[in-house]
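Chemist: Just dropping this structure here.
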Amino acid sequence: MTPTYALTTEGSGSGRGADGYESVASGNGDEERLARAGLSRVVEPGDLAALKAFDGLPPLEIWDRLQHNAAGLERWSTRLATADPHRDLERAAAAGARFVIPGDDEWPAEVEVLDEAGQLTRRAGVPFGIWVRGRANLRHALTRAVAIVGARACSSYGEHVSAELSSGLADNGLTIVSGGAYGIDAAAHRGALAAAGTTIAVLACGVDVSYPKRNSALLSRIAEDGLVVAELPPGCAPTKLRFLARNRLIAAITQGTVVIEAAVRSGALNTAGWAEQCGRPVLAVPGPITSRMSAGSHLLVRERNAVLATNVADIIEAISPFGTNLTQPPRAAPTLTDTLDPDLQRTLDAVPVHNPAPTDRIASTAGLDLPTTQQCLQTLTTLTLITQTPTGWRLTPATPCP
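The sequence shown begins at 2 in this note's numbering and counts up one residue at a time.
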């Protein structure tokens, strides 16, 4: 069942400060939820001007100052006139969504890193709250989570890799977080769903808005089996700056970000930049050097110390606590000839493949004396690596495949 939050204003502790504006000592209760919901509509996500103007003020006091047209806050007055947090909360509930704020059981502590992460592309700061659509518990879903991001206009290679990695990670109990867009994002969500895993779509619009339109069915499926989240209230449309603000949320709530196919200038690299500023691992999947869509991934490895990711184990190792889930570099399976001592190896190298050779010729080719060569030939025969014929020695023919 989707959690709901009652909206009352009884019993809230508030009063007027020396400056004449309402001050609320407690950050708990329905009034704070209303204030945060209102601020999520009035203030653009990650607005640097708002961070500066509201620095140190609790949400209830910010909301009260805005409603009383406090000096210096005129920037947000145009939206304030139509802001109705009660209506937004009701609209969210009608869409099967809720508004999660600090202090709620669902609030993910990971997002608080944005308070110290600085700014990027003129965006910064912790959201006033997170609008959540779906039955899963947001905090629980983010206990072990990985962001998979990349190009919208991806190649078939990128789409395949995204789906395979996401499916494998989901099989290992990780939540897949992406942006709900075409290309890599959609493939990541589908890969997780195919593995019956949890996936979260972080949108740059309201959680009740299907964007892009062609992903409507996918977003509905994600809302049924996972979560659709946003910091914008219901009904909001996406904009370029909202996508950039959304990227910081993707990076903050996950334990690491994997980039699959990204141009040198791309939203995926912006998400990687936010992951770096949040102190999260950044991983990049290699692609063809002839592909423009892989140039950004290669740039992350070459110049920004991203971890090269080629499989699920690489990703799990990178996001795990130091010293755990370590992977071994790939090695070819050992063969019988790998264990031979130098004299045996030299003798074996001197034995012809097809036309048998006598012992003395093999000894000359190997650069060994005749007694040593004879001893080595007998040992190699015992190991069935060579065969003796009436005219000399030759390599044992390989056993044909059945």
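We put the CB at the ideal spot given by N, CA and C, even for glycine.
Going by DSSP, what residues sit across from glutamine 389 in a beta bridge?
Modeler: According to DSSP, glutamine 389 bridges with Trp394.
Chemist: Would you mind working out which of Ala334, Thr366, Leu270 and Thr255 sits nearest serine 321, comparing C-alpha positions?
Modeler: Measuring from the Cα of serine 321, the nearest candidate turns out to be Thr255.
Chemist: Please report the distance separating the alpha-carbon of alanine 246 from that of asparagine 138.
Modeler: Spanning the two alpha carbons is a distance of roughly 23 Å.
Chemist: Below 8 Å, can you find three or more Cβ-Cβ pairs linking the region 171 to 180 to the region 280 to 291?
Modeler: Not touching, per the Cβ criterion.
Chemist: Is the beta carbon of leucine 52 less than 8 Å from the beta carbon of alanine 253?
Modeler: No, they are not a contact pair.
Chemist: Assuming valine 1 and valine 203 form a contact by the criterion Cβ under 8 Å, report the distance between their Cβ atoms to the nearest whole angstrom.
Modeler: This structure leaves residue 1 out entirely; the chain is present only between 2 and 403.
Chemist: Under a three-way DSSP split, which group does threonine 200 fall into?
Modeler: Threonine 200: strand per DSSP, three-state reduction.
Chemist: With a Cβ-Cβ cutoff of 8 Å, do arginine 99 and valine 133 count as a contact?
Modeler: Their beta carbons are under 8 Å apart, which means arginine 99 touches valine 133 by this criterion.
Chemist: By how many angstroms is the C-alpha of valine 112 removed from the C-alpha of alanine 276?
Modeler: Roughly 12 Å separates the two Cα atoms.
Chemist: Do glycine 180 and aspartate 186 count as a contact pair if the criterion is CB distance below 8 Å?
Modeler: Against a cut-off of 8 Å, the Cβ pair of glycine 180 and aspartate 186 comes out as a contact.
Chemist: For a minimum of 4 consecutive residues, which ranges assigned as the alpha helix (DSSP H) are wholly contained in the region 133 to 176?
Modeler: Listed in chain order, the complete alpha helix (DSSP H) runs (minimum 4 residues) inside the region 133 to 176 are 139 to 142 and 157 to 172.
Chemist: How many Å lie between alanine 319 and threonine 272 at the Cα?
Modeler: Taking the straight line from one Cα to the other gives about 17 Å.
Chemist: In this structure, does DSSP put alanine 364 in helix, strand or coil?
Modeler: Reduced to three states, the DSSP call for alanine 364 is helix.
Chemist: Within the region 284 to 322, note down every full alpha helix (DSSP H) run reaching 4 residues or more, in order along the chain.
Modeler: 296 to 304 and 313 to 320, all fully within the region 284 to 322.
Chemist: Between Arg243, Asp209 and Asp370, which has its C-alpha nearest alanine 96's C-alpha?
Modeler: Closest option to alanine 96, Cα to Cα, is Asp209.
Chemist: Can you tell me whether asparagine 356 is buried or exposed, with buried defined as 16 or more other CB within 10 angstroms of its CB?
Modeler: Burial call: exposed.
Chemist: So, using beta-carbon positions, are leucine 384 and leucine 337 closer together than 8 Å?
Modeler: Yes; because the gap between Cβ atoms is below 8 Å, this pair is in contact.
Chemist: According to the Cβ coordinates, are valine 259 and glycine 297 closer than 8 Å?
Modeler: Contact flag unset, no.
Chemist: Taking the alpha helix (DSSP H) that threonine 258 falls in, what are its first and last residues?
Modeler: Element bounds for threonine 258: not the alpha helix (DSSP H) but the beta strand (DSSP E), 258 to 261.
Chemist: When you compare only the Cα positions, how much space is there between threonine 392 and threonine 360?
Modeler: Those two C-alpha atoms are separated by around 10 Å.
Chemist: Counting pairs of Cβ atoms below 8 Å between the region 144 to 152 and the region 114 to 131, do you hit three or more?
Modeler: No, the region 144 to 152 does not touch the region 114 to 131.
Chemist: Measuring alpha carbon to alpha carbon, tell me which of Ala218, Leu349, Ile102 and His299 ends up nearest leucine 369.
Modeler: It is Leu349 whose Cα lies nearest to the Cα of leucine 369.
Chemist: If serine 221 sits next to alanine 196, beta carbons under 8 Å apart, how far is it from one beta carbon to the other, in whole angstroms?
Modeler: Contact flag wrong, Cβ pair sits at about 19 Å.
Chemist: State buried or exposed for glutamate 45, treating a residue as buried only when at least 16 other CB atoms are found within 10 Å of its CB.
Modeler: Buried: at least 16 other Cβ atoms inside 10 Å.
Chemist: I'd like the span of the alpha helix (DSSP H) that includes leucine 52, first residue to last.
Modeler: First-last of the alpha helix (DSSP H) with leucine 52: 49 to 54.
Chemist: Which residues in the same chain have their Cβ closer than 6 Å to the Cβ of lysine 241, if we skip the five residues on either side of it in sequence?
Modeler: Nothing listed; no residue qualifies.
Chemist: Threonine 397 and glutamine 389 - do their beta-carbons sit closer together than 8 Å?
Modeler: No, the Cβ-Cβ distance between glutamine 389 and threonine 397 is not below 8 Å.
Chemist: In whole angstroms, give me the CA-to-CA distance for serine 156 and alanine 310.
Modeler: So the two alpha carbons sit approximately 18 Å from each other.
Chemist: Could you name each continuous alpha helix (DSSP H) segment of 4 residues or more that falls completely within the region 73 to 113, going from the start of the chain to the end?
Modeler: Qualifying alpha helix (DSSP H) stretches, in chain order: 78 to 81 and 86 to 95.
Chemist: Let me know the secondary structure DSSP gives valine 228 once reduced to three states.
Modeler: For the record, residue 228 in the displayed sequence is leucine; it is not valine. Correct three-state label for leucine 228: strand.
Chemist: Assign valine 43 to one of two classes, buried (16 or more other C-beta atoms within 10 Å of its C-beta) or exposed (fewer than that).
Modeler: Valine 43 comes out buried.
Chemist: How is leucine 40 classed by DSSP in three states: helix, strand or coil?
Modeler: Three-state DSSP puts leucine 40 in a helix.
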